[in-house]
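Visitor: Note that the numbering used here has the first sequence beginning at 239, numbered continuously upward. For every residue, glycine included, the Cβ atom is placed at its ideal position computed from N, Cα and C. Below is one structure. I have some questions about it.
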Amino acid sequence: MKLATWNVNSLKVRLPQVLQWLADNPIDVLCLQETKLTDDKFPAADIENAGYRVVFAGQKTYNGVAILSKHPMSEVVRNNPRFPDEQQRIIAATIEGMRVVCAYVPNGQSVGSDKYQYKLNWLGALRDWLEEELKAHEGLALLGDYNIAPEDRDVQDPAAWQGQVLCSEPERAAFRTLQDLGLKDAFRLFEQPEKLFSWWDYRMMAFRRNMGLRIDHILLSPSLAARCSGCVIDKAPRKWEQPSDHTPVVATLA
DNA sequence: ATGGCCTCGGTTCGAGGA
Numbered sequence: 239m240k241l242a243t244w245n246v247n248s249l250k251v252r253l254p255q256v257l258q259w260l261a262d263n264p265i266d267v268l269c270l271q272e273t274k275l276t277d278d279k280f281p282a283a284d285i286e287n288a289g290y291r292v293v294f295a296g297q298k299t300y301n302g303v304a305i306l307s308k309h310p311m312s313e314v315v316r317n318n319p320r321f322p323d324e325q326q327r328i329i330a331a332t333i334e335g336m337r338v339v340c341a342y343v344p345n346g347q348s349v350g351s352d353k354y355q356y357k358l359n360w361l362g363a364l365r366d367w368l369e370e371e372l373k374a375h376e377g378l379a380l381l382g383d384y385n386i387a388p389e390d391r392d393v394q395d396p397a398a399w400q401g402q403v404l405c406s407e408p409e410r411a412a413f414r415t416l417q418d419l420g421l422k423d424a425f426r427l428f429e430q431p432e433k434l435f436s437w438w439d440y441r442m443m444a445f446r447r448n449m450g451l452r453i454d455h456i457l458l459s460p461s462l463a464a465r466c467s468g469c470v471i472d473k474a475p476r477k478w479e480q481p482s483d484h485t486p487v488v489a490t491l492a
């Protein structure tokens, strides 16, 4: 069983890459963020023709999330019931007995801004909701673009990013409150190469210079972490023509 | 060298991303 997450930065633009990547990789469940499509424009037929079921929650221009699955999905929930929000950033489904939560955490723009406070409020509400979900679902996976680099080793240049949005201490503390629920960072369950990231700025030739951050994560509840046999970042799609600025992260469960 | 790119909507620039 392979679970993956990928911020595609417009599914309209990236659909061919998503289908190519799925054709190349035996993924059971793929969580997408930043689809940037209203539901009436979602390419459900193309995805179903590729052998996947799909559920989605979109809005115009910004945000938007989806879960693609080879297996049936039930108990689909859009958004956090505890956090009324126009922005479409969460979709959850039960798949093969697992609760799969796909999340696009707010970016936060800059420390101290209104959007930063919204991000912290949003993360607090996510924690509270997941605490409830974990009582009902022993096996839970939270996959997505967290817009948080949890530690300095997740940043190519920690000094440059010190205290900046994505790396600030309140954001990292919010990430730890998720870990305090028992959720494990799948990537860190294993020995990993140094300086491996999931996002690189489009500017500054950042990818070529590996000026990146690890901000896309898969957190697993204890029972799923115990089944996890590997977690990798697949940099290949970042090298394709017209790539997303994020690249997929994949966890394998026994 | 503190900028540099990409996507969207809707027009040819501004907002947002990270």
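Out of Leu421, Met449, Trp478 and Trp360, which one is the CA nearest neighbour of Arg320?
Guide: Trp360
Visitor: Does Val292 come out as helix, strand or coil in the three-state DSSP assignment?
Guide: strand
Visitor: Which residue wins for smallest C-alpha separation from Ala387, given the options Leu306, Arg426 and Ala288?
Guide: Arg426
Visitor: Assuming Gln297 and Gln326 make a contact with CB atoms under 8 Å, what is their CB distance in whole Å?
Guide: Indeed, because the Cβ distance is near 5 Å, the residues count as touching under 8 Å.
Visitor: Tell me which same chain residues have a C-beta within less than 6 Å of the C-beta of Val303, skipping the five on either side of it?
Guide: Within the same chain, and ignoring the five residues on either side of Val303 in sequence, the residues whose Cβ sits closer than 6 Å to its Cβ are Gln271, Ala295, Ile329, Cys340 and Tyr342.
Visitor: With DSSP as the reference, label Asn359 as helix, strand or coil.
Guide: The three-state reading of DSSP puts Asn359 in helix, counting H, G and I together.
Visitor: Does the ligand MN have even one heavy atom less than 6 Å from the beta-carbon of Arg252?
Guide: You won't find the ligand MN in this model; it holds no ligand whatsoever.
Visitor: Just the Cα atoms here: how many angstroms apart are Asp454 and His484?
Guide: 8 Å
Visitor: Does DSSP put Ala444 in a helix, a strand or coil?
Guide: coil
Visitor: Ordered along the chain, which non-local residues of its own chain (more than five positions away) have a Cβ less than 6 Å from that of Trp536?
Guide: Residue 536 is absent from the structure shown; the chain starts at 239 and stops at 492.
Visitor: Give the straight-line distance between the Cα atoms of Leu434 and Asp392, rounded to the nearest whole angstrom.
Guide: 8 Å
Visitor: For the stretch 458-468 and the stretch 374-385, state whether three or more C-beta atom pairs, one from each stretch, are separated by less than 8 Å.
Guide: Remark: three or more beta-carbon pairs, one from each stretch, lie closer than 8 Å, so the stretch 458-468 and the stretch 374-385 are flagged as touching.
Visitor: Can you tell which of Leu358, Arg316, Leu491 and Lys473 has the C-alpha that lies nearest to the C-alpha of Leu437?
Guide: Here residue 437 is Trp; the residue named in the question, Leu, does not match the sequence. For the residues Leu358, Arg316, Leu491 and Lys473, the minimum Cα distance to Trp437 belongs to Lys473.
Visitor: Please list, in chain order, all residues of the same chain as Pro344 whose beta carbon is under 6 Å from its beta carbon, the five residues on each side excluded.
Guide: Tyr356, Lys357 and Trp360
Visitor: Considering just the uninterrupted stretch of the alpha helix (DSSP H) at Leu241, what are its terminal residues?
Guide: Where Leu241 is concerned, there is no enclosing alpha helix (DSSP H), although the beta strand (DSSP E) it sits in stretches over Lys240 to Asn245.
Visitor: Output the boundary residues of the alpha helix (DSSP H) element that contains Arg327.
Guide: Counting along the chain, Arg327 falls outside any alpha helix (DSSP H), and DSSP gives it neither H nor E.
Visitor: Give the secondary structure of Ser461 by DSSP, where H, G and I count as helix, E and B as strand, and everything else as coil.
Guide: helix
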